[in-house]
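I have placed the structure first, in the form of structure tokens, so that the comments after it can refer back to it.
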Amino acid sequence: MEGIVCAWLRNDLRLHDNGVLHQAAAIASRKNLRVLPVYVFDPRYFQRTRYRTLRTGCLRALFLLRSVLALKRQLRRVGSDLLIKVGRPEKLLPTLLAEDAHLLTQQEVTSAELTIDGNLRRALSGRCQWQYCWGSTLFHRDDVGCAASLDNIPEYFNQFVKCVWSGQVQKSEEQVDIPRVARLVRPCLPDLELGSLPLPEAHDLDFEPTWRDLPYAEELPEPCRDDEFLGGEEAGLERLADYLRTDFQYTFHTDRLEHFGEYYASRLGPWMAHGCLSPRKVFEEICRCEVQSPGLSHTQRLAVELTWRDFFRYLSGKHGNGIFREGGVKGYKRKWKQDVRMFNLWSEGRTGYPLVDACMRELGATGLASNHARLNAASFLACSMGFDWRRGADWFESHLLDYDVTSNWANWVRCAGLTEGRLSSFNVVRQSQKLDPEGVYLKRWLPELEQ
Numbered sequence: 073m074e075g076i077v078c079a080w081l082r083n084d085l086r087l088h089d090n091g092v093l094h095q096a097a098a099i100a101s102r103k104n105l106r107v108l109p110v111y112v113f114d115p116r117y118f119q120r121t122r123y124r125t126l127r128t129g130c131l132r133a134l135f136l137l138r139s140v141l142a143l144k145r146q147l148r149r150v151g152s153d154l155l156i157k158v159g160r161p162e163k164l165l166p167t168l169l170a171e172d173a174h175l176l177t178q179q180e181v182t183s184a185e186l187t188i189d190g191n192l193r194r195a196l197s198g199r200c201q202w203q204y205c206w207g208s209t210l211f212h213r214d215d216v217g218c219a220a221s222l223d224n225i226p227e228y229f230n231q232f233v234k235c236v237w238s239g240q241v242q243k244s245e246e247q248v249d250i251p252r253v254a255r256l257v258r259p260c261l262p263d264l265e266l267g268s269l270p271l272p273e274a275h276d277l278d279f280e281p282t283w284r285d286l287p288y289a290e291e292l293p294e295p296c297r298d299d300e301f302l303g304g305e306e307a308g309l310e311r312l313a314d315y316l317r318t319d320f321q322y323t324f325h326t327d328r329l330e331h332f333g334e335y336y337a338s339r340l341g342p343w344m345a346h347g348c349l350s351p352r353k354v355f356e357e358i359c360r361c362e363v364q365s366p367g368l369s370h371t372q373r374l375a376v377e378l379t380w381r382d383f384f385r386y387l388s389g390k391h392g393n394g395i396f397r398e399g400g401v402k403g404y405k406r407k408w409k410q411d412v413r414m415f416n417l418w419s420e421g422r423t424g425y426p427l428v429d430a431c432m433r434e435l436g437a438t439g440l441a442s443n444h445a446r447l448n449a450a451s452f453l454a455c456s457m458g459f460d461w462r463r464g465a466d467w468f469e470s471h472l473l474d475y476d477v478t479s480n481w482a483n484w485v486r487c488a489g490l491t492e493g494r495l496s497s498f499n500v501v502r503q504s505q506k507l508d509p510e511g512v513y514l515k516r517w518l519p520e521l522e523q
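Residues in the sequence shown are numbered consecutively from 73, following the numbering used here.
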């Protein structure tokens, strides 16, 4: 078996700004080695959870499948390909790697992924060189002073902003000094050149999985979804361009809390969560728009949202399993309700509170909802109903098209009041009156209100 550079891709399903692929190309060039990009569909991510929900719901599984196949096509365009496997990485990858191989992968911060990494390291028994590449954030860990040790990550978002924005305190979501922040963000990596990822021989690269190949333990019907949410890098870049182009065509001075309409938010989340879009690429395009038309509300807000994503990732790395524990990151003791009937009213959008019900029905049908709608629904379950927040986070994990482990679970801990600082619960009646005074969003998802 020849020595190779194995680029094990996970939540980084793209060519642009991909640290794993760039480092693999550099090692291959320096040592005259060949590069084998690999993606593994791990059955553990397709199992049912302890609450009997699918860990990866069908809508997200379809998006993931399309994203992996799209990456395979993209790699072929630069003279490479993607080896796709189904099984446990710690069982499969050692069979591909010889003594002098290199294994590169993106560094993750949560327990499930770190456990798999540990199992794989033990299976390899030190016979290959392992290298992590940092990704998934706007600000690289090496450039965040307070992230030299994750223990130093601030508990509050404004403190984190001051840290990563080099002293700039956020006064308003529409007062971001984008040129100043841009100087603190690393530029995107250059495009990969044709032939920079030479393939090894003797690997079957013909396998292109279909829905039936996904490692569900039960037979599930493939969702019928031919809308704009196609997986893959090209679709993500197209969505980004369309969103920013629309910002120039219309004057958007509405608050980001608006709940309805195709452009109530960027809706880039599904592509960013799967790594089809790099946060730095998104920010790079924001900067380009800012040069042409400074102070656009949407570009300003998008810069803040990218920083929120970073905050949750770094905070999750700091607290480890704390974001999954009943008492949250501080270990608070509370008695949560566990009545399944109550939970079903919430998850099915039948609580009798229109804003919560509309959000849950939209989320169940599409896998998406605005950020503020999600916060209202989460706060209502944990704070108003007093229900175990972990079950809500688990339900979101199963159903969200843009599920990101750190953003989802850290946000739920925050909504349940299990972090530092005061509890910020939402009055869903007042929120509905403020954000949707004409009831347009509510009537869209609650047709019974028309009567």
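We put the CB at the ideal spot given by N, CA and C, even for glycine. What you are looking at is a predicted structure, and each value in this text was computed from that prediction instead of being measured.
Give the DSSP-derived three-state secondary structure of Gln203 in the structure shown.
strand
Straight-line Cα distance separating Ala195 from Gly489:
40 Å
Counted within 10 angstroms of its Cβ, other Cβ atoms place Arg311 as buried (16 or more) or exposed
buried
6 Å Cβ shell around Leu453 - same chain, five flanking residues per side excluded:
Trp418, Phe459 and Gly464
Would you call the segment 111-129 in contact with the segment 281-294, where contact means no fewer than 3 C-beta pairs closer than 8 Å?
yes
Check this for me: beta carbons of Leu87 and Glu305, under 8 Å apart or not?
yes
Does Tyr111 come out as helix, strand or coil in the three-state DSSP assignment?
strand
Between the Cα of Phe229 and those of Asp215, Asp474, Ala482 and Ala97, spot the shortest distance and give me the residue it belongs to.
Ala482
Under 7 Å Cβ to Cβ from Leu302, same chain only, skipping five residues before and after it: list those, please.
Arg138
If you measure between the beta carbons of Ala430 and Trp517, is that distance less than 8 Å?
yes
What residue does the beta strand (DSSP E) around Cys78 start on, and which one ends it?
Ile76 to Trp80
Should Val512 be labelled buried (16 or more other beta-carbon atoms within 10 Å of its own) or exposed?
exposed
Continuous alpha helix (DSSP H) assignments of at least 4 residues falling wholly in the segment 446-500
461-471 and 477-487
Leu126 to Glu469 span [Cα, whole Å]:
9 Å
DSSP-derived helix/strand/coil call for Arg148:
helix
Once DSSP output is grouped into helix, strand and coil, what is the label at Glu246?
Any reading at Glu246 needs caution, since the residue's pLDDT is 47, under 50, leaving its predicted position unreliable; the model's value is listed next. Three-state DSSP puts Glu246 in coil, outside helix and strand.
Give the straight-line distance between the Cα atoms of Asn90 and Lys353, rounded to the nearest whole angstrom.
11 Å
Just curious, the beta strand (DSSP E) that Leu175 is in, first and last residue?
His174 to Gln178
Residues that Lys157 bridges to, as DSSP identifies them
Val112
Can you determine whether any heavy atom of the ligand FMN sits closer than 7 Å to the C-beta of Arg252, and answer yes or no?
The ligand content of the structure shown is nil, which means the ligand FMN is not present either.
Of the residues Cys200, Gly159 and Thr128, the one placed nearest Val77, counting alpha carbons only
Cys200
Grab me the residues of Lys506's own chain with a C-beta within less than 7 Å of its C-beta, minus the 5 sequence neighbours each way, in chain order.
none
Alpha-carbon spacing of Leu210 relative to Val107, whole angstroms:
27 Å
Can we say the segment 430-445 touches the segment 407-421, given the rule of at least three CB pairs closer than 8 Å?
yes
With distance defined between alpha-carbon atoms, name the residue in Cys218, Leu164 and Cys296 nearest to Cys130.
Cys296
With a CB to CB cut of under 6 Å and the five nearest residues on each side skipped, what residues in its chain are close to Asp474?
Gly341, Pro342 and Ala345
In this structure, does DSSP put Lys409 in helix, strand or coil?
strand
Can you give me the C-alpha to C-alpha distance between Val140 and Asn443, rounded to a whole angstrom?
26 Å
Do Val181 and Arg360 have their C-beta atoms within less than 8 Å of each other?
no
Excluding the 5 residues flanking Glu520 on each side, which residues of the same chain have their C-beta closer than 6 Å to its C-beta?
none
So, with DSSP's three-state summary, where would you put Arg397?
coil
Leaving out five residues before and five after Val401 in sequence, what residues of the same chain have Cβ atoms less than 7 Å from its Cβ?
His391, Gly394, Ile395, Val485, Leu490 and Thr491
Would you call Glu265 buried or exposed, if buried means 16 or more other Cβ atoms sit within 10 Å of its Cβ?
exposed
Please report the Cβ distance between Leu147 and Pro109, rounded to the nearest whole angstrom; I am assuming they are in contact, meaning their Cβ atoms lie under 8 Å.
6 Å
Within the same chain, show all residues whose beta-carbon is closer than 7 Å to that of Met414, passing over the 5 residues directly before and after it, in chain order.
Met457 and Phe459
Quick check on DSSP: helix, strand or coil for Leu507?
helix
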